[in-house]
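Below: one structure, written as structure tokens.
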Amino acid sequence: MTLDWFYQTWDSNHCAALGEYLFQNYQQALKILQTQGPAVSAVLRTQNLMTIDLEQFCCDEQQFFENLQREPASNEKAFEYLEVLKMLESARYIYSFLEMEDE
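Under the UniProt record's numbering, the first residue of the sequence shown is numbered 1, with each subsequent residue one higher.
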């Protein structure tokens, strides 16, 4: 019902713009398939993979992110370290500024 109302409120210019947008995306997708398809096929052959393997990779990635509760501890520590470094840099800047005022 909401989508129906949404499309009814659009005028013909919006519909034409949406149609043009979708058509451009379709053309871009076809171009990518034509230009990159052979390269992907070559990589699949050299790695002894099939297109079903690519689908499985996508499923595995999705499952990984769905099951990811928190970032790994090593990532958390790295970000905490970066925050501390930023604080140190700010403190040094303020300290050097205060020293210049005292002179």
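Ideal Cβ positions, reconstructed from N, Cα and C, are used throughout, including at glycine.
Per-residue DSSP class, three states only, for Glu71: coil
Helix or strand or just coil, what does DSSP make of Leu18? helix
Please tell me whether, using a cut-off of 6 Å, the distance from the CB of Phe65 to the nearest non-hydrogen atom of the ligand NAP is below it. Of ligands this structure carries none, so the ligand NAP is not represented either.
From the DSSP output, in three-state form, read off Gln47 for me. In this structure, Gln47 counts as coil in the three-state DSSP scheme.
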